[in-house]
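One structure is given below, encoded as structure tokens.
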Amino acid sequence: MAALNAVTETNTRHCFYQMVSLFTVCVFCACFYWLSESSKSVASQRTGGPRNIVEGSVFINGTAPIGTTDHDFICATLDWWPPDKCDYGTCSWGKASFLNLDLTNPILLNAIKAFSPLKIRMGGTLQDKVTYERLGEPCPTFVKSRSEMFGFSQGCLPMSRWDELNSFFKQAGAVVLFGLNTLSGRTKAADGSAVGAWNSSDAEFLMRYSVNKGYTIHGWELGNEVSGSGIGTRIAADQYASDINNLQMIVQTIYAGFEVKPLVLAPGGFFDANWFTQFINKTPRSLQVVTHHIYNLGPGVDDHLIEKILNPSYLDGGSRPFRSLQGILKTSGTPAVAWVGEAGGASNSGHNLVTNAFVFSFWYLDQLGMASSYDTKTYCRQTLIGGNYGLLNTGTFVPNPDYYSALLWHRLMGRNVLATTFSGTNNIRAYAHCAKASKGITLLLINLDGNTTVKVHVSTGNVTGNGTLVTQQQNHTKFSAMSRGSSIDVGTREEYHLTALNGDLQSQTVLLNGNILSVNSSGSVPPLEPIETSHSDPITVAPFSIVFAHIANSTVPACEHVE
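Numbering (the numbering used here), first residue to last: 835 to 1397.
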């Protein structure tokens, strides 16, 4: 009996050990599967994962435009920052300040010429610490100093450099905007605000010098980020309005004999509804452009920038300042229009391999589409070159992906903005304009999903005089022949598909219709050639891709006249 019990106990113990071993193996397999899937999820967020296909539809209301942009809507900035401007231990500016930028670089010249024209806004934080060189007076350079506001001492613009810049901009065909020092003559109060009237003598000198030299300045902007709560300091709305009224009188006097006078722009700061309302109401006849800045992704050091960019709800939140400013301008009755004067997305010089990589085109193009739909006339990207958010690489001048996104927008998206709605998935962003320099419509589609291909069916509609909505299903309608450039087949549309090299969102190399875009040995920008697809087919938007589709044969009332 004892022996039998021993055998039974041994068998029981053996079964128990087998069950434990089997359980351990199952747990190990489950953990391995979870880790594997987690790594796939992280990888797919960066490069795209398993491919699904869904159907979607976009409806474009072509009755009348919901907004209009300037024909040169795309704008880029040049900043003052010296090479020793550093953020989070990284110095990303190099020689990209317009004080030391290599104006002989052929890529720089060709990159600007390709827009024909490109608006360039010269300004930034240090503009409010700059004097303009006068004969016989010292012209100091910026010196890094922790005790100084903005981290640098007073600087100066040499007139020889101003001459070089204007010669270059004329050669490049750029439209120049210049930011004036608004802190000149003011003192800093105990509460940190800047008080007193603006001393305009330096600004008057630079304007007269420019007129005498024959330089064309499209607009003079007063101040940088000292409106509302301000950065470093702030100026009250009443005082700022008084200074703008003064600037307008100066411009009218100095440019008295000119048929077309420079624009007066302000305040070049972050949107604050109460401050902007007061300021706009007190400048009814002296201000032509209201400028505001956008860095709605937060600081560049944030490790979650990509997650924000790929989140449609987060992107939707970016509409608030556009909507609010549009409402203020309408209510005030001012003839002034809205511009984005500076937008880098992520502050403090951006984030390397995010704000200068393919993924940033999702944020940038969405901003362009959103801003234009709220009647923003011009959108200035921070920067043309410099920091980690340049359209061009700071060291090599080679275009980053956003440069090509901007150039495609400039060439394809016309001035009239059309109301556009998309259904089928929340991860597609859709915007439409009348086509530029051609009949028809250009549709922009952005796929924020790395796992899903979307087949997009397009329909347009317009409301007739008796209130009837007439719709056309673009994928199933036959159209009469129209031309873009030389000719377009009646049954085709032109498509421009942008993707990242190897599907890597953090790549700085972009492909157009599967071909790498790069400048040639002489620094020339490559041609941006479309592919032709059948009107009867839906538009295929691959995972993590961007598509511009020119539908030349789509006729709607809002687009009857070619620009």
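Glycine included, every Cβ here is placed at the ideal spot set by N, Cα and C. These numbers were taken from a predicted model, which means no experiment stands behind them.
Does the Cβ-Cβ distance between R1249 and T903 come in under 8 Å? The sequence position of residue 1249 within the sequence shown is 415, counting from 1. The sequence position of residue 903 within the sequence shown is 69, counting from 1. Between R1249 and T903, the C-beta gap is smaller than 8 Å, which places the two residues in contact.
Provide the residue span of the beta strand (DSSP E) that contains E889, from first to last. Position 55 of the sequence shown, counted from the first residue, corresponds to residue 889. Per DSSP, E889 is one residue of the beta strand (DSSP E) stretching across 886 to 895.
Simplified DSSP assignment, three categories, for W1109: Against the sequence shown, residue 1109 aligns to sequence position 275. Correct three-state label for W1109: helix.
Who are the Cβ neighbours of T858 in its own chain at under 8 Å, not counting the five residues just before and after it? Within the sequence shown, the letter at position 24 stands for residue 858. Note that T858 scores 44 on pLDDT, short of 50, meaning its location in the model is unreliable; the coordinates nonetheless yield the value given after this. Within the same chain, T858 has no close Cβ partners at all.
To which residues of the same chain is H1138 closer than 7 Å at the C-beta, ignoring the five residues directly before and after it? Indexing the sequence shown from 1 puts residue 1138 at position 304. So the list is empty, once near-sequence residues are dropped.
Leaving out five residues on either side along the sequence, give the residues of the same chain with a beta carbon under 7 Å from the beta carbon of N1058. Against the sequence shown, residue 1058 aligns to sequence position 224. In chain order, G957, G958, T959, Q961, D962, G1013, G1102 place their CB closer than 7 Å to the CB of N1058, counting only its own chain and leaving out the 5 sequence neighbours on each side.
How far does the alpha helix (DSSP H) with L1014 in it reach, from first residue to last? Working through the sequence shown from its first residue, we reach residue 1014 at position 180. For L1014, there is no enclosing alpha helix (DSSP H); the residue is found in the beta strand (DSSP E) stretching over 1009 to 1014.
Near T1365, what residues of its chain come up, given a Cβ to Cβ distance below 6 Å and the 5 sequence neighbours on each side ignored? Working through the sequence shown from its first residue, we reach residue 1365 at position 531. Checking the sequence, you will find Ile at residue 1365 rather than Thr. E1329, N1347, listed in sequence order.
Cβ separation of T1254 and V892, assumed to be a contact under 8 Å, to the nearest whole Å: Here residue 1254 corresponds to residue number 420 of the sequence shown, with the count starting at 1. Here residue 892 corresponds to residue number 58 of the sequence shown, with the count starting at 1. For T1254 against V892, the beta-carbon gap comes to about 6 Å, under 8 Å, which counts as contact.
Buried or exposed: which applies to S1195, given that a residue is buried once 16 or more other Cβ atoms fall within 10 Å of its Cβ? The sequence position of residue 1195 within the sequence shown is 361, counting from 1. Flag for S1195 reads buried.
Might you give, ordered along the chain, the residues of its own chain that have their beta carbon closer than 8 Å to the beta carbon of V888, omitting 5 neighbours on each side? If you number the sequence shown from 1, residue 888 lands on position 54. Result list for V888: G1258, T1259, T1286, T1287, V1288, K1289, in chain order.
I'd like to know if the stretch 936 to 953 and the stretch 967 to 983 are in contact, where contact means that at least 3 CB-CB pairs between them fall below 8 Å. With the cut-off at 8 Å, the stretch 936 to 953 and the stretch 967 to 983 do not touch.
Spell out the partners DSSP gives T1157 in its beta bridges. Taking the sequence shown and counting its residues from 1, one reaches residue 1157 at position 323. Reading the sequence as shown, one finds Arg at residue 1157 and not Thr. BP columns for R1157 are empty, so no partner.
Comparing alpha-carbon positions, which option in T1294, F1156, L1332, E1038 lies nearest T965? Taking the first residue of the sequence shown as position 1, residue 965 is located at position 131. Per the Cα distances, E1038.
Tell me the rounded alpha-carbon separation between G1184 and S1370. For the purposes of this step, residue 1184 is taken as residue 350 along the sequence shown, with counting starting at 1. For the purposes of this step, residue 1370 is taken as residue 536 along the sequence shown, with counting starting at 1. S1370 has its alpha-carbon roughly 42 Å from the corresponding atom of G1184.
Would you mind working out which of C925, P1235, V1029, G1053 sits nearest L1362, comparing C-alpha positions? Position 528 of the sequence shown, counting from 1, holds the residue named residue 1362. In this structure, P1235 is the residue among C925, P1235, V1029, G1053 with its C-alpha nearest to the C-alpha of L1362.
Range of the contiguous beta strand (DSSP E) that encloses K953: On the sequence shown, residue 953 is found 119 positions in, with the first residue counted as 1. K953: member of the beta strand (DSSP E) spanning 953 to 956, first to last residue.
Beta strand (DSSP E) segment containing F1104, residue limits: In the sequence shown, counting from the first residue as 1, residue 1104 sits at position 270. Counting along the chain, the beta strand (DSSP E) containing F1104 begins and ends at 1097 to 1104.
Tell me which residue opens and which closes the alpha helix (DSSP H) that M1204 is part of. By 1-based counting over the sequence shown, the position of residue 1204 is 370. Segment 1194 to 1207, the alpha helix (DSSP H) holding M1204.
State the Cα-Cα distance for the pair Y1089 and T1217, rounded to the nearest angstrom. Stepping through the sequence shown from its first residue, residue 1089 is reached at position 255. Stepping through the sequence shown from its first residue, residue 1217 is reached at position 383. Y1089 and T1217 have their C-alpha atoms roughly 29 Å apart.
Neighbourhood of A1006 by C-beta, 7 Å cutoff - its chain only, sequence neighbours within 5 removed: Counted from its first residue, the sequence shown places residue 1006 at position 172. Answer for A1006: L943, I946, K947, listed in chain order.
Quick one: give me the first and last residue of the alpha helix (DSSP H) that L1056 is part of. By one-based count along the sequence shown, residue 1056 stands at place 222. L1056 -> not in any alpha helix (DSSP H); beta strand (DSSP E) instead, spanning 1053 to 1056.
So, are the CB atoms of V1232 and V1353 less than 8 Å apart? Position 398 of the sequence shown, counted from the first residue, corresponds to residue 1232. Position 519 of the sequence shown, counted from the first residue, corresponds to residue 1353. Result yes, Cβ atoms of V1232 and V1353 sit closer than 8 Å.
Beta-carbon separation of A1266 and I1275 under 8 Å? For the purposes of this step, residue 1266 is taken as the residue at position 432 of the sequence shown. For the purposes of this step, residue 1275 is taken as the residue at position 441 of the sequence shown. Against a cut-off of 8 Å, the Cβ pair of I1275 and A1266 comes out as a contact.
Roughly how many whole angstroms lie between the Cα atoms of P1133 and S1181? Position 299 of the sequence shown, counting from 1, holds the residue named residue 1133. Position 347 of the sequence shown, counting from 1, holds the residue named residue 1181. Here the C-alpha atom of P1133 lies approximately 5 Å from the C-alpha atom of S1181.
How would you label F1092, buried or exposed, when you count the other beta carbons within 10 angstroms and need 16 or more for buried? To locate residue 1092, count along the sequence shown from 1; it is residue 258. Taking all protein chains in view, the Cβ of F1092 is surrounded by fewer than 16 other Cβ atoms within 10 Å, so the residue is classified as exposed.
Contact check, W1173 vs T1230, beta carbons under 8 Å: For the purposes of this step, residue 1173 is identified with residue 339 of the sequence shown, where counting begins at 1. For the purposes of this step, residue 1230 is identified with residue 396 of the sequence shown, where counting begins at 1. Remark: C-beta atoms of W1173 and T1230 do not approach each other more closely than 8 Å.
Run the CB neighbour count on E1403, radius 10 Å, all protein chains shown included, and call it buried at 16 or more, exposed below. Absent from the model: residue 1403. The displayed extent of the chain is 835 to 1397, so no value can be given.
In whole angstroms, what is the alpha-carbon distance linking A1240 and M1247? Stepping through the sequence shown from its first residue, residue 1240 is reached at position 406. Stepping through the sequence shown from its first residue, residue 1247 is reached at position 413. If you take the alpha carbons of A1240 and M1247, they lie about 10 Å apart.
In angstroms with no decimal places, state the Cα-to-Cα distance between L933 and E1394. The sequence position of residue 933 within the sequence shown is 99, counting from 1. The sequence position of residue 1394 within the sequence shown is 560, counting from 1. Going by the C-alpha atoms only, they are around 46 Å apart.
Report buried or exposed for G1151, applying the criterion of at least 16 other Cβ atoms within 10 angstroms of its Cβ. Position 317 of the sequence shown, counting from 1, holds the residue named residue 1151. By the neighbour-count rule (16 or more Cβ atoms within 10 Å), G1151 is not buried but exposed.
Inter-residue CB distance, S1207 and G901 (contact presumed, cutoff 8 Å): Taking the first residue of the sequence shown as 1, we reach residue 1207 at position 373. Taking the first residue of the sequence shown as 1, we reach residue 901 at position 67. Going by Cβ atoms, the distance from S1207 to G901 rounds to 6 Å, so yes, they are a contact pair.
Between which two residues does the alpha helix (DSSP H) carrying I1219 extend? Stepping through the sequence shown from its first residue, residue 1219 is reached at position 385. Unbroken run through I1219: none, as it is neither H nor E.
Relative to the C-alpha of K1270, which residue among T1016, A1386, W915 is closest? Your numbering for residue 1270 matches position 436 in the sequence shown. Per the Cα distances, A1386.
Roughly how far, in whole angstroms, is the beta-carbon of T897 from the beta-carbon of P1391, given that I think they are within contact range, below 8 Å? Residue 897 sits at position 63 when you count from the first residue of the sequence shown. Residue 1391 sits at position 557 when you count from the first residue of the sequence shown. Confirmed, about 6 Å.
DSSP three-state call for P1235: helix, strand or coil? Numbered from its first residue, the sequence shown carries residue 1235 at position 401. In the structure shown, P1235 sits in a helix (DSSP, three-state: H, G or I).
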